[in-house]
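Contents: one structure, followed by commentary.
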Amino acid sequence: MNLRIPGPTPLPPEVREALQTQMINHRGRVFGQIIGEVTEGLKHFFQTENDLLILTGSGTGVMEAAIVNTLSPGEKVLSVSIGNFGDRFASMAAKFGVDVTKLQIPAGHAAQADAVAQALDADPGITTVLVTHNETSTGTTNPLESIARVVKQRGKLLIVDGISSVGSIDLKTDEWGCDVVLSGSQKGWMVPPGLAFASVSPFAWERHAQAKLPRVYWDFSDAKRYLEHGETPWTPAVSIFFGLQVALRMMREEGREEIFARHGRVAQRCRDRAVEMGLKLFADPHHASNTVTAFYTPEGMDSRPLANMLEDEYDTVIALGQGAYTNTSLRIGHLGWVDEHDIDLTMDSLEKVLSRATAKG
Ligand SMILES: *Cc1c(COP(=O)(O)O)cnc(C)c1O
């Protein structure tokens, strides 16, 4: 099957093999060696010297973790949203009683640093900024470096949902001053869903010490304390650790910059092919994502039957649009284990499906 959704993503054979490893004692020395190695590997791709915690859960779980570990009820937060995942971050914080001001950017557009600066200057009581690096619902990447600059100039805590970008798109955690950066195993990491990652800066730890939201399963201090002994506080998704160890070795071998460059080439190929077919891309071309491409279906064509035809007749799976654009847009994931050939296969099949759907008209 040609699985081209923005997570879960396909698994290389070496990773699939590692996933079959017999269980081990998660409080034993072998596990301690594995968690040590993968933590170092993840830090390399997060481009950070900060603490890097591996939690068992999905991306949304680590978003919740970021909130409960750094914030208090009534605390003022600016939540920058350019789509569904940005909306999710804002609504999660609000449900925890955080005082959320939302900077809402129209779908398909990125947030500009000036707009973030203005929103922060309008309310000096804001302590923290939540922002999505790569908005998977619209295939749009925020200019995080410039956004981070205005946030750090004002001394705020910066929490970044990098779930569909870290490891695939350049995100310089330390250089840009991102305090908490999140990712999830099933996106660019070539492993199944089950693990989520958070990098935590010294400033974030200071906030953590004062944060009053209740936290149990997600408590960062427990995760850090156990990691010092090569363990996790609760039973982790051990199998995903086996897969991740192999996947990170493969990624190290390919090289960080090479991986980013490959994602750039693959995304460009995907967009070029879509435009050649006469499809209208969803994202502002200046901020189009290198991990997911979203486009509108041709006028009057519903996304669902097109996706079903692709799956039934070409064994190719792509994602529907999200939210208000479910019926009128489609998304192709190109992150993790992917090259130009995979995209050509996908786009060749899509072209055939579209031409037949048009003929039936
Ligand atoms: C996938 C994704 C999430 C949610 O992750 P789950 O693993 O589905 O909980 C959050 N944010 C972004 C940007 C994502 O791509």
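Note that our numbering has the sequence shown beginning at 810, numbered continuously upward.
Note that beta-carbon positions come from the ideal geometry of N, C-alpha and C, so glycine has one too.
By the criterion of a C-beta distance shorter than 8 Å, V1162 is surrounded in its chain by L1115, M1118, L1119, E1122, Y1123, once the five residues flanking it on both sides are discounted. Under a 10 Å Cβ-count criterion, R1082 is classified as buried, with 16 or more other Cβ atoms of the shown protein chains found around its own Cβ. Residue side-chain check: G868 places its Cβ nearer than 6 Å to a non-hydrogen atom of ligand 1. Counting C-beta pairs with one atom in each stretch, the region 849-860 and the region 1004-1016 have three or more that are closer than 8 Å, which means they touch. Within its own chain, the residues whose Cβ lies closer than 8 Å to the Cβ of S1112, once the five positions on either side in sequence are excluded, are T1106, L1129, G1130, T1135, N1136, T1137, S1138, L1139, listed in chain order. In the assembly as shown, T947 is a buried residue. Its beta-carbon has 16 or more other beta-carbons within 10 Å.
Per the DSSP secondary-structure output, R1061 pairs with nothing in a beta bridge.
Nearest in C-alpha terms to P822, of all of G1052, G934, D1151, A1092, is G1052. Within the chosen limit of 6 Å, ligand 1 does not reach the beta carbon of F1104 with any heavy atom. Residue state for G1087 is assigned as coil, using DSSP reduced to three classes. Nearest neighbour of I814 by Cα position, chosen from R1078, S994, T1125, R1058, turns out to be T1125. In the three-state DSSP reduction, L1053 falls in the helix class (H, G or I). Around S974, the same chain offers H942, N943, L980 as residues with beta carbons nearer than 6 Å, after the five sequence neighbours per side are excluded. Taking C-beta atoms under 8 Å as the contact rule, V1075 and E984 fail to qualify, at a distance of about 25 Å. Remark: the shortest separation between the CB of T982 and any heavy atom of ligand 1 does not fall under 6 Å. Going by C-alpha positions, V990 is about 16 Å away from L887. Within the DSSP secondary-structure output, Y1105 pairs in a beta bridge with K1089, S1138.
Excluding sequence positions up to five before and after T945, its CB lies within less than 7 Å of the CB of P815, F894, S973, V1101, all in the same chain and listed in chain order. Of all alpha-carbon atoms in I863, I876, L864, N859, the one lying nearest the alpha-carbon of L1022 is that of I876.
Shown here, R813 sits in a strand according to DSSP, grouped into three states. Under a 10 Å Cβ-count criterion, M810 is classified as exposed, with fewer than 16 other Cβ atoms of the shown protein chains found around its own Cβ. Counting only the Cα atoms, M1110 lies some 32 Å from T869. Residue pairing by DSSP puts G993 in a beta bridge opposite A1005.
Relative to ligand 1, D970 has its C-beta within less than 6 Å of a heavy atom. Scanning its chain for C-beta atoms nearer than 6 Å, with the 5 sequence neighbours on each side dropped, one finds around V1055 the residues E823, V824, A827, in chain order. Boundaries around Q842 are those of the alpha helix (DSSP H), 838-855, since no beta strand (DSSP E) includes it.
Using a Cβ distance threshold of 7 Å, F1029 and H1038 do not count as a contacting pair.
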